[in-house]
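What follows is a short report on a single structure.
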């Protein structure tokens with residue numbers, strides 16, 4: 003079972019990386035959260051039923067873990083705003099794209115835990131039905147919340163209507 | 020940049036990160052063995068610490084009844100001229116108080132394990148959070164019931180002690196009304212101090228063990244309520 007689990011997680015590890023990148027500002031926090039999500043996935047794996055897709059289940063566990071994770075007090079992510087996201091963007095991308103990535107992460111970092119979950123799934127092009135299934139809220143509320151988030155992001159990124 | 024461009028920016032960042040951060044299965048396996056703790060797991064550890072503290076308090080209460088009560092009786096016998104006996108029903112009342120604490124602990128443990136058996140991360144977070152937080156709200160209520168019972172038992176014990184003490188006093192005739200009032204005042208102040216002290220200690224233990232973790236869970240619950 004462990005091998006099956008490791009194989010499936012290795013195939014879908016992008017989901018965990020994305021969740022970590024949206025919830026953590028520093029590399030150290032991302033590593034911690036990655037491990038925490040991995041452990042929660044392993045703990046929950048026996049309860050995984052094939053009623054939903056593996057990726058849907060993985061999103062749910064990863065996002066719930068990220069929302070309920072507790073950063074150690076000694077680290078203050080707000081004091082290192084998005085530098086690590088910017089530092090990664092050093093090869094193969096133009097400066098404009100780097101700036102846009104930085105701006106996007108900076109705006110997302112200002113959102114609340116649940117808003118980050120919905121934003122990530124929206125950016126991943128997940129249908130509202132699946133977002134509702136993952137987050138446990140109804141499709142209508144997902145739509146309402148997404149509209150509010152869009153307005154918030156526009157404001158945060160100084161995007162004009 | 021337009022809001023519609025966000026998705027393409029996100030995809031660019033994601034594909035870049037995927038290339039840089041991709042781990043092989045061996046790395047994933049090794050990461051499974053080392054890990055940090057989530058809020059729920061920290062609460063799990065602190066629930067166990069809380070139980071050790073409560074167990075120590077219960078043992079102290081049992082020791083007070085079983086060991087100290089005879090000691091108090093011998094002090095009374097040695098230093099007071101009149102024969103005074105601690106009423107048996109006061110000891111019984113103390114044991115009822117201990118029994119209440121034990122029943123409360125068992126009730127909390129059963130409720131907590133029922134909720135904790137489910138893995139919060141793989142369940143519907145809104146419902147899981149609610150049932151998880153509800154267990155702690157009930158724990159607060161249980162603590163208040165215990166404190167109320169403790170205050171009642173203490174008040175009854177102190178009043179009885181005062182009454183028996185005064186009745187047995189050989190100088191009863193010399194006791195003036197102002198002396199009665201002073202004794203009553205000191206008793207009431209002592210009673211308030213003890214009840215307030217116990218309340219503050221229990222509050223402090225609760226805050227230190229669960230406060231910051233529960234407040235974060237409360238914040239998420241509020242946010243989810245907000246969405247509705």
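Residue numbers (the working numbering), protein chains in the order written: chain C, 3 to 163; chain S, 20 to 247.
Just so it is clear, CB atoms sit at the ideal spot from N, CA and C, and this is done for glycine as well.
Keep in mind the model is a prediction, meaning the values are calculated, not measured.
Within the same chain, Cβ atoms closer than 7 angstroms to the Cβ of residue 228/S are found at 65, 68, 69, the five residues on either side in sequence being excluded. By the criterion of a C-beta distance shorter than 6 angstroms, residue 109/C is surrounded in its chain by 155, 158, 159, once the five residues flanking it on both sides are discounted. In the DSSP annotation of this structure, residue 86/S is not part of any alpha helix (DSSP H), being labelled neither H nor E. Boundaries cannot be given for residue 140/C, as no alpha helix (DSSP H) includes it and DSSP labels it neither H nor E. What residue 29/S touches in chain C, judged by beta-carbon distance under 7 angstroms, is 106, 125, going in chain order. For residue 70/C, there is no enclosing alpha helix (DSSP H), as DSSP marks it with neither H nor E. Counted as a single uninterrupted DSSP element, the alpha helix (DSSP H) harbouring residue 98/C occupies residues 97-111. Scanning the region 152-229 of chain S for uninterrupted alpha helix (DSSP H) segments of 4 residues or longer gives 196-225, listed from N- to C-terminal end.
One Cα belongs to residue 92/S, the other to residue 195/S, and the distance between them is close to 27 angstroms. Contact with chain C is found for residue 48/S, since one of that chain's Cβ atoms lies less than 8 angstroms from the residue's Cβ. In the same chain as residue 158/S, and ignoring 5 residues on each side of it, the C-beta atoms closer than 7 angstroms to its own belong to 127, in chain order. Residue 153/S is outside the set of residues whose beta carbon lies under 8 angstroms from a beta carbon in chain C.
Three or more beta-carbon pairs drawn from the region 111-122 of chain S and the region 158-176 of chain S are found closer than 8 angstroms, and the two stretches are therefore classed as touching. C-alpha of residue 242/S to C-alpha of residue 210/S: approximately 42 angstroms in a straight line. Cβ contact annotation for residue 173/S (same chain, cutoff 8 angstroms, sequence separation greater than five): 210, 213, 214, in chain order.
The alpha-carbon separation between residue 52/C and residue 29/C amounts to approximately 33 angstroms. The three-state secondary structure of residue 28/C, taken from DSSP, is coil. Residue 107/C and residue 120/C have their C-alpha atoms some 15 angstroms from each other. In its chain, beyond the 5 residues on either side, 141 have a beta carbon closer than 8 angstroms to the beta carbon of residue 131/C.
Per the C-alpha coordinates, the member of 9/C, 4/C, 115/C, 31/C positioned closest to residue 66/C is 115/C. With fewer than 16 neighbouring CB atoms inside 10 Å of its own CB, residue 207/S falls in the exposed class. Annotated three-state conformation of residue 105/S is coil, per DSSP. Interface annotation, residue 68/S: not in contact with chain C, CB-CB separation never under 8 angstroms. Classified as exposed, residue 87/S has fewer than 16 neighbouring CB atoms from the shown chains inside 10 Å of its CB. Contact check for residue 235/S against residue 58/S passes: the beta carbons are separated by less than 8 angstroms. Beyond the five residues adjoining it in sequence on each side, residue 151/C comes within less than 8 angstroms, by CB distance, of 113, 117, 120, 121, 124 in the same chain, given in chain order.
Shown here, residue 159/C sits in coil according to DSSP, grouped into three states, outside any helix or strand. Boundaries of the alpha helix (DSSP H) around residue 119/C: 115-125. Within a 10 Å sphere around the beta-carbon of residue 94/S sit fewer than 16 other beta-carbons, which makes this residue exposed. Sequence-ordered contacts of the region 221-241 of chain S with chain C read 231, 232, 235, 236, 238, 239 [C-beta pairs closer than 9 angstroms].
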